[in-house]
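Each remark here refers to the structure printed beneath this line.
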Ligand SMILES: [Zn+2]
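Numbering (my numbering), first residue to last: 835 to 1296.
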């Protein structure tokens, strides 16, 4: 995309010669000459659209006629590309990128590889290296907000801030000993300190990350419910992910996992529940009533052969559901564009209906749906006046992107992450002309290659 800078004298000359310059409002960035998918309630598309940014907010979205109202020293010509809201990855474990592609199809991989590797290798350094690497991948793919959950989460938060993304970062809480704490109580303390430290951060929203209903004690779950209310922060958690989990709560408590979470006070508007594969119709009603957010991780769920969440029903019933990738050991890739085609096609197959889950719906899940899932629909998820300036330009010059009869179809069925050209987060340019502008990508790749040698050594001992 062509970017024009006007500085110093040039800005002055531009201001003096542009009519009606005297009335033009000075702004920070003008994005123009693209197909704007607003994702607003009216599903408005502007075929030759303009987005105006001042500070970290969008001040106006409209057609070319609004250009005369504003002047800026910085403009991006989208060259006919698709201008859309930043995508939201509602569930991942960024730092697990250090283990990606290891033992992918081994049965019982969790106990055979993941837990032993984590016990031997997780450190603040490892979390940072993995999170930088993953955040770069997400940024370059147009993910502007990620919901993350892992050990030593403060190191991941530091990485995400350096790349310049927005993050809902949840400190993991699990009853077993891990590198960052001996038991659930120790990790709850770590999480609380992290929440207090980052509570007012502009890009990072700290959160509690109880691992799952059956891997955290009832006492800790009740305490997390209380603390998340006190600090008014989100809770990210794996919920109803496996048949075994569902059966366990049925036999032990005569409840579904969702009913159990409700009984301990966890089912509320602060919860971002990942997976929700094994949910009943009455669970879905209850989640709607409690205003829960949901992360639909289709690719990771089908790769592990767990099942397909009734995400389409949840979306159609008006629940707050967005798309997620899960960790890079589970779903391998971290971009939301790569999820969209699977989401559309799998739900068609499951429903035996090619008209089910049309592209618009999938793009809505990737943007506004994600914003609703994290309860930030007033600030994120669409390109509208007053919202935070998280904007993505997907180029349409590549062969795979042409022709364009329906931009939603192109995004869901034809595009891939490498078509993302420009990414703006909180009004700042993070990616332009497909290159990361905030961090030395080569430095990150080198750190990952170095770390992978250690992973290889440890893996051989397992
Ligand atoms: Zn997960």
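Where is the CB? At the ideal position from N, CA and C, for every residue including glycine.
When you compare the CB positions of residue i and residue j, do they come within less than 8 Å of one another, or not?
i            : j            : result
residue 1250 : residue 1156 : no
residue 1001 : residue 1227 : no
residue 1215 : residue 919  : yes
residue 1042 : residue 1024 : no
residue 979  : residue 922  : yes
residue 1305 : residue 1178 : There is simply no residue 1305 to check, as the chain begins at 835 and stops at 1296 in what is shown.
residue 1122 : residue 1151 : yes
residue 1018 : residue 1051 : yes
residue 1253 : residue 1235 : yes
residue 883  : residue 862  : no
residue 1170 : residue 1223 : no
residue 991  : residue 964  : no
residue 926  : residue 981  : yes
residue 1264 : residue 886  : no
residue 999  : residue 975  : no
residue 1278 : residue 967  : yes
For residue i, collect the residues of the same chain with a Cβ closer than 7 Å to its Cβ; drop the 5 residues on either side in sequence, then sort them by chain order.
i            : result
residue 985  : 956, 961, 1006, 1012, 1013 and 1014
residue 1190 : 1146, 1181 and 1182
residue 1134 : 1159, 1160, 1164 and 1165
residue 836  : 911 and 913
residue 1065 : 1029 and 1033
residue 1255 : 835, 915, 1227, 1228, 1229, 1267 and 1268
residue 1218 : 872, 874, 892 and 895
residue 958  : 986 and 989
residue 983  : 927, 1004, 1006, 1043 and 1070
residue 1184 : 1142
residue 995  : 1037 and 1038
residue 943  : 937
residue 1275 : 970
Residues in the same chain with beta-carbon distance under 8 Å from residue i, minus the five sequence neighbours each way, listed in chain order, please.
i            : result
residue 1289 : 932, 933, 936, 951 and 955
residue 1188 : 1182
residue 1103 : 1124, 1125, 1126, 1127 and 1209
residue 1202 : 873, 919, 1211, 1215 and 1216
residue 1197 : 871, 873, 918, 1174, 1242, 1245 and 1246
residue 897  : 880, 882, 883 and 884
residue 1089 : 1083 and 1097
residue 1079 : 1046, 1047, 1048, 1091 and 1112
residue 1138 : 1164
Closer than 7 Å to a non-hydrogen atom of ligand 1 - does that hold for the CB of residue i?
i           : result
residue 938 : no
In the DSSP output, what is residue i paired with across the bridge?
i            : result
residue 837  : 910
residue 1070 : 1106
residue 1041 : 1004
residue 1093 : Residue 1093 pairs with nothing; no bridge assigned.
residue 866  : 884 and 911
residue 1046 : Bridge partners of residue 1046: none, in fact.
residue 1162 : DSSP, once it has assigned bridges, lists no residue as partnering residue 1162.
residue 1262 : 1259
residue 895  : 885
residue 1151 : BP columns for residue 1151 are empty, so no partner.
residue 1241 : None, per the DSSP bridge assignment.
residue 1130 : 1157
At a Cβ threshold of 8 Å, is residue i touching chain D?
i            : result
residue 1117 : The structure shown has no chain D; it contains just one protein chain.
Suppose the cutoff is 6 Å on Cβ atoms and the five residues either side in sequence are ignored; what does the same chain contact list for residue i look like?
i            : result
residue 1130 : 1143, 1145, 1155 and 1157
residue 909  : 838 and 864
residue 988  : 1028
residue 1149 : 1155
residue 1141 : 1111
residue 1046 : 1072
residue 930  : 1161, 1162 and 1163
residue 1105 : 1069 and 1126
residue 1295 : none
residue 1059 : 1099 and 1100
residue 1298 : Any question about residue 1298 goes unanswered here, given that the chain covers just 835 to 1296.
residue 1021 : 1007 and 1015
- Query: Near ligand 1, which residues have their beta-carbon closer than 6 Å to a heavy atom?
  - Reply: Taking each Cβ in turn, the ones that pass are 925, 927, 1072, 1108, 1160 and 1161.
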